[in-house]
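In the numbering used here, the protein residues as written are 20 to 289. Quick reminder that beta carbons are idealized off the backbone N, C-alpha and C, glycines included. Just so you know, these numbers come straight off a predicted model, no measurement behind them. In what follows, a structure is listed as structure tokens, so that the remarks can point back to it.
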Amino acid sequence: MPELPEVETTVRALRPLLLGRKITEVRNYWPRHLGNVDLPTLQRRVHGRSIQAASRRGKYLVFTLSDGETIIIHLRMSGHLSVVAADTPPQKHVHTIFALDNGQELRFRDPRKFGKVYLTAEPADVLGALGPEPLVPEFTVALLRERLNGRKRALKPLLLDQTFIAGVGNIYADESLFYAKLHPQRTADSLQDAEIIALHQAIQRALQLGIEREGASIDSYIKPDGTRGDMQNAVNVFRRTGKPCYTCGTPIERMVLGGRSTHFCPHCQK
């Protein structure tokens with residue numbers, strides 16, 4: 020699933036291609052792609068509206084339209100967005116298309132069909148349950164300490180909880196815990212203050228590196244222009260089971276925690 024760095028990379032690539040463009044038509048070939056609106060309503064409410072802003076909240080892409088409407092897209096497991104000429108031959112698994120006034124189309128390709136398109140005048144109706152953004156100044160050590168306080172959940176599933184922190188998924192949770200030298204089974208309420216500081220720094224370090232390397236093309240993720248990100252070449256533990264830790268040489272181990280594959284160094288992470 021694309022996580023914060025992959026979605027941020029996607030937004031940054033799409034922004035110059037979409038800002039100021041008007042939506043002239045919407046086509047949908049998989050009704051379940053539409054999360055809270057049917058196709059006729061979506062077509063009516065966005066027709067002729069211009070895209071005024073493109074941003075990210077957690078793992079969601081947020082497109083602010085003129086006249087107060089907002090399109091919100093969640094890529095989920097396999098979603099991919101691209102802007103192409105309208106006469107580009109149709110690709111397999113493209114389920115939703117926004118035609119633009121310059122002869123281009125924003126195409127939402129989603130082989131596994133889990134992605135969602137929302138339309139709302141109140142973005143909080145879709146995004147309101149998300150936890151804080153981890154890369155903004157407001158995400159301080161004090162805020163993280165407050166959110167960890169009294170929680171008895173293991174760190175790995177807690178980091179994956181989008182109501183706890185928005186945008187962290189399996190890749191960057193594993194990498195963050197490695198940077199912080201914390202075992203994924205440690206419970207939140209067991210952390211000492213120095214460990215909370217280390218975790219705060221580690222989350223931001225892992226996510227920033229992911230953005231710098233334009234995402235991890237480990238499964239289906241590619242950038243809007245079809246090229247691959249590079250974060251997969253910079254992971255320390257994720258999907259490196261049995262390979263030596265770059266720090267100590269101990270083989271990386273894998274376990275299932277909270278139903279998710281989890282990778283860690285048993286020597287470095289305590």
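Nearest neighbour of residue i, chosen from the options [CA to CA]
i           : options               : result
residue 115 : 121, 128 and 122      : 128
residue 140 : 261, 101, 245 and 90  : 90
residue 211 : 192, 232, 131 and 168 : 168
residue 292 : 94, 85 and 62         : Since the first residue shown for the chain is 20 and the last is 289, residue 292 is missing from the structure and cannot be characterised.
residue 41  : 87, 204, 117 and 111  : 117
residue 158 : 216, 258 and 38       : 216
residue 28  : 244, 276 and 260      : 244
residue 87  : 173, 64 and 205       : 64
residue 85  : 285, 146, 235 and 37  : 37
residue 155 : 227, 137 and 62       : 227
residue 137 : 96, 61 and 172        : 61
residue 142 : 250, 83 and 31        : 83
residue 278 : 234, 266, 46 and 204  : 204
residue 78  : 231, 145 and 238      : 145
residue 283 : 231, 234 and 200      : 200
residue 74  : 46, 33 and 96         : 33
residue 164 : 190, 179, 209 and 202 : 209
residue 247 : 229, 43, 125 and 46   : 229
residue 44  : 126, 76, 55 and 250   : 126
Beta-bridge partners of residue i, as assigned by DSSP
i           : result
residue 114 : None; residue 114 has no bridge partner.
residue 44  : 118
residue 283 : 272
residue 91  : 81 and 137
residue 99  : 128
residue 73  : 82
residue 53  : 136
residue 263 : 270
residue 161 : Partner(s): none; residue 161 has no beta bridge.
residue 104 : 123
Buried versus exposed, by CB contacts within 10 Å (16 or more), residue i
i           : result
residue 135 : buried
residue 148 : exposed
residue 51  : exposed
residue 192 : buried
residue 213 : exposed
residue 175 : buried
residue 81  : buried
residue 207 : buried
residue 267 : exposed
residue 122 : exposed
residue 281 : buried
residue 242 : buried
residue 131 : exposed
residue 48  : exposed
residue 35  : exposed
residue 39  : exposed
residue 231 : exposed
residue 153 : buried
Heavy atom of the ligand PLP within 6 Å of residue i beta-carbon
i           : result
residue 162 : For the structure depicted, the ligand PLP is absent and the ligand set is empty, with no information on it obtainable.
task = Kindly confirm or deny that the stretch 189-207 and the stretch 216-229 touch, where touching means at least three C-beta pairs closer than 8 Å.
result = yes
query = Can you list the beta strand (DSSP E) stretches of 3 or more residues lying completely in the stretch 118-152, in chain order?
reply = 123-128 and 135-139
request  = Ignoring anything shorter than 4 residues or poking outside the stretch 163-228, list the alpha helix (DSSP H) runs there in chain order.
outcome  = 174-179 and 189-199
request  = Check whether the stretch 180-191 touches the stretch 100-114, counting contact only when three or more Cβ pairs, one atom from each stretch, lie closer than 8 Å.
outcome  = no
request  = Decide if the stretch 61-78 is in contact with the stretch 100-109; the criterion is three or more beta carbon pairs, one per stretch, under 8 Å apart.
outcome  = no
ask   = Is there contact here, the stretch 268-282 with the stretch 252-260, by at least three beta-carbon pairs under 8 Å?
value = The count of Cβ pairs closer than 8 Å, one atom from the stretch 268-282 and one from the stretch 252-260, reaches three, so the stretches are in contact.
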